[in-house]
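Participant: Start counting the sequence shown at 1; every next residue gets the next number (the UniProt record's numbering).
Beta carbons: idealized from backbone N, C-alpha and C, even for Gly.
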Amino acid sequence: MYSLKLELKLNNFERSFLAGCAGFSRLVYNFGLSLLTSSWGFEGVKASDSKRLTEIEKVFTNHVKTLPQYAWMKQYSSAIYSSALRNLAKGVDRWRKGTSGFPKFKSKKRGDSFTVLKKAGVYPAKGEPMVPFTNRQVLCPGKKINIPSLGQFRLKQPIPFLCSSQTFTLTRVADRWFVSFALDVDKLPPVIHPVQSVGIDLGVKCFATLSDGSKIVAPPSLKKVKTKLSKDMWRNRNKQAGNRTQGIKSSNNALKYYQRLAKKHARIANIRRDFLQKVTTDISLKYYSIRIEDLNIQGMIANQKLAEAISSLGFYDFRRMLVYKASFFGTKVELVDRWFPSSKTCSYCGNVQPMPLKERVYRCNKCGVSIERDLNAAQNLENAPKDRVRAASAEFTPVDCWSRLPRLKQEANVKLSAMLDLSKFCLARVTSYVLPEIAKALEEWALKEERSVSWLAGKLIEKGVQEYQSQQQQKESTQKESK
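#1: Does A79 pass the burial test, meaning 16 or more other C-beta atoms within 10 Å, or should it be called exposed?
#2: Go ahead and pull the three-state DSSP assignment for I192.
#3: Just checking my contact of A19 with D112 at CB under 8 Å: how many whole Å lie between their CB atoms?
#4: Below 8 Å on the Cβ atoms is my contact criterion, and I expect V336 with A392 to pass it. Report the Cβ-Cβ distance as a whole number of Å.
#5: Using three-state DSSP, classify P220 as helix, strand or coil.
#6: Using only the alpha-carbon positions, how far apart do K480 and P68 sit?
#7: Can you tell me which of K286, L285, E293, H265 puts its alpha carbon nearest to the alpha carbon of K224?
#8: Would you mind working out which of Y2, R319, L10 sits nearest R154, comparing C-alpha positions?
#9: For a quick check, are the C-beta atoms of I297 and L222 less than 9 Å apart?
#10: Give the range of the alpha helix (DSSP H) segment to which A269 is assigned.
#11: Does D400 pass the burial test, meaning 16 or more other C-beta atoms within 10 Å, or should it be called exposed?
#12: Measuring straight from C-alpha to C-alpha, what distance separates A326 and A254?
#13: For E57 and L85, which I take to be in contact (beta-carbon distance under 8 Å), what is that distance rounded to the nearest angstrom?
#14: How about the segment 190 to 199 and the segment 281 to 300: do they share at least three Cβ pairs that are nearer than 8 Å?
#15: Kindly indicate which residue of K108, I268, L88 has the alpha-carbon position closest to the one of F102.
#16: How do the segment 301 to 320 and the segment 275 to 283 stand: do at least 3 beta-carbon pairs fall below 8 Å, yes or no?
#17: Do F181 and L306 come within 9 Å of each other at the CB atom, strictly closer than that value?
#18: Please check the pair I292 and L381, which I expect to be a contact at CB under 8 Å, by giving their CB distance rounded to whole angstroms.
#19: Which ranges would you report for the beta strand (DSSP E) in the segment 1 to 76 if only whole runs of at least 3 residues count?
#20: Figure out for me which residue from Q474, Q473, L170, L322 has the closest Cα to the Cα of S7.
#21: Hey, how far is the Cα of F178 from the Cα of R172?
#22: Which residues does DSSP list as the beta-bridge partners of E334?
#23: Report the CB separation of I147 from I159 in whole angstroms; it is logged as a contact under 8 Å.
#24: How many Å lie between G213 and R388 at the Cα?
#25: With W177 as the anchor, note down where its alpha helix (DSSP H) starts and where it stops.
#26: Quick one: is V28 buried, meaning 16 or more other Cβ sit within 10 Å of its Cβ, or exposed?
#27: Within a Cβ cutoff of 7 Å, which residues of the same chain sit near T397, ignoring the five residues on either side of it in sequence?
#28: Write down the C-beta distance between N135 and K119 rounded to the nearest angstrom, noting that I regard them as a contact closer than 8 Å.
#29: Rounded to whole angstroms, what's the CA-CA distance from K106 to Q353? Just pull it up for me.
#30: Could you tell me how far apart the beta carbons of Y81 and S25 are, in whole angstroms, since I believe they sit closer than 8 Å?
#31: What are the complete beta strand (DSSP E) segments, minimum 3 residues, inside the segment 138 to 176?
#32: Strictly under 9 Å for the Cβ-Cβ distance: is A241 near chain D by that measure?
#33: If you drop the 5 nearest sequence neighbours on each side, which residues of the same chain put their C-beta closer than 6 Å to that of F275?
#34: In this structure, what does DSSP give as the bridge partners for K215?
#35: Taking just the CA atoms, how far does K143 sit from W339?
#36: Along the beta strand (DSSP E) that carries Y362, what are the first and last residues, could you check?
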């Protein structure tokens, strides 16, 4: 299984529609995250995160969408907010396992993205299982794609062959929209590689030096675009950015500048990605055993003189692409220990001597050989001892998941009162107020019978909507009488 990412060819109506879908997904994600974190503060509610999110989805489906101020949500598919809550559940699960940090609230400034999932399948008869692969969207070759719940869109790049997929993620980069999806097909790796092994030494001046003497230089266009970007940022340093909390509105020229800035950042990212994709593909097709050094990128970035150059080259992306392409092309990627003295060791006699960074030619004090510094390091990486080499694979970095836990309000350890408080919070998030007489009446009734969180929230919201509508009618009647 592998994935494709294609650019959509949109008109203004389709572009506005996708932006609205992304905003709808962002609203639901933030709504679910706020309710989930608040529910953790009530000790009486004992349920897993998945059950809590299921109740939150019921509240949103049965009550929030029925409010008059949220009538605009009806134009968007339910698959959008279901996928948003599903992604939230995955993020919380990763945080629980310690593989990522705590989920953050999504901001409009970080870019638009949302996911849709085709869930409906074909059931031949009552009680019989679903027909296999009917819950997949069939994708025909060509420059058109049918996305579940959204419709048909045009593509700038054609779909190469007949395939199928279930999950589609749409992402906006500057003013361009992309759709990415995983294909239910396999790519067979080639059997024969022309060269058996190679060692690769990464650097700033020359991006990569291979042990066979070949060199890979970073694209010069990357430096030109970055120079133009820095000049543009300097010329527009005094643009009025705007501040929503202070009520300051952005100027029209500032909005145009930010759009232009986003395009330039996207172009820099595209140049870097295109360069790395082509280089890693060529290396994976030519060499079978690939050895690279396990670099400490964070430590290298600490050097302020080299931080910008190292960050722009994408050393970690180079390693990541080599690792995941190993399954495509049948290569073996290995990492050499970062403390292995590849630059200080002579590749001919094995002598180890000090090697300052300013010296670009390695001259051995023992055998007298002179060789380029990067080439010597690449050959040492290729011939490194086995006890200093390990297989490269996708790794998870454990994080301190409990230190980022949000501070929660502690309530009494009473189940029904805690559920009622959570229901009040649901109503407060939606209508911004809670009627005290309604809450008191429900509290008396809830002490006798046990109800779910979604039911209590629904009752509060229904009463609140009725009161809201009656207040609006009274205002309209008073305005008519005054006229």
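Facilitator: In this structure, then:
#1: Buried.
#2: Note: I192 maps to coil in three-state DSSP.
#3: Taking a contact as a CB-CB distance under 8 Å, the pair A19 and D112 counts as one, their CB atoms being some 6 Å apart.
#4: With a Cβ gap of about 10 Å, V336 and A392 do not count as contacting.
#5: Here P220 sits in helix by DSSP.
#6: CA-to-CA, the gap between K480 and P68 works out to about 22 Å.
#7: When each option's Cα is compared against that of K224, the closest is H265.
#8: The candidate whose alpha carbon is nearest that of R154 is L10.
#9: Not in contact: I297 and L222 (Cβ atoms no closer than 9 Å).
#10: Looking at the DSSP string, the run of the alpha helix (DSSP H) that includes A269 is 252 to 286.
#11: For D400, the predicted structure reports a pLDDT of 42, less than 50, and the residue's modelled location is therefore unreliable. A value from the coordinates is still provided. Answer is exposed; the Cβ neighbour count stays below 16.
#12: The alpha-carbon atoms of A326 and A254 are separated by roughly 45 Å.
#13: For a cut-off of 8 Å, the C-beta gap from E57 to L85 is around 5 Å, short enough to register as a contact.
#14: Taking 8 Å as the limit for Cβ pairs, the verdict is that the segment 281 to 300 does touch the segment 190 to 199.
#15: For the residues K108, I268, L88, the minimum Cα distance to F102 belongs to L88.
#16: The answer is yes - the segment 275 to 283 touches the segment 301 to 320, with three or more Cβ pairs under 8 Å.
#17: For L306 and F181, no; Cβs fall outside 9 Å.
#18: Confirmed, about 7 Å.
#19: When DSSP assignments are scanned along the segment 1 to 76, the uninterrupted stretches of beta strand (DSSP E) that are 3 or more residues long and fall wholly within it turn out to be 2 to 9.
#20: Residue identity differs from the one stated: residue 7 is Glu in this sequence, not Ser. Just measuring C-alpha positions, the residue of Q474, Q473, L170, L322 sitting nearest E7 is L170.
#21: Rounded to the nearest whole angstrom, the C-alpha separation of F178 and R172 is 6 Å.
#22: Paired residue(s): R291, A391.
#23: About 12 Å separates the Cβ atoms of I147 and I159, ruling out a contact at the 8 Å cut-off.
#24: If I take the Cα positions, the gap works out to 23 Å.
#25: If you look at W177, you'll find it isn't in any alpha helix (DSSP H); it sits in the beta strand (DSSP E) that goes 176 to 183.
#26: V28 should be labelled buried.
#27: Reliability fails at T397, whose pLDDT of 46 lies under 50, so the model's placement of it is uncertain and the value that follows must be treated cautiously. Around T397: no qualifying Cβ.
#28: Yes, they are in contact, since the Cβ atoms of N135 and K119 sit about 6 Å apart, within 8 Å.
#29: Cα-Cα distance, rounded: 52 Å.
#30: Contact between Y81 and S25 is confirmed by a C-beta separation of about 7 Å, below the 8 Å threshold.
#31: Segments of the beta strand (DSSP E) lying fully in the segment 138 to 176: 142 to 147, 151 to 159, 163 to 165, 167 to 173.
#32: In the structure shown, chain D cannot be found, because there is only a single protein chain.
#33: Around F275: P219.
#34: Looking at the DSSP assignment, K215 forms a beta bridge with T209.
#35: Computed Cα separation, rounded: 50 Å.
#36: Per DSSP, Y362 belongs to the beta strand (DSSP E) from 361 to 363.
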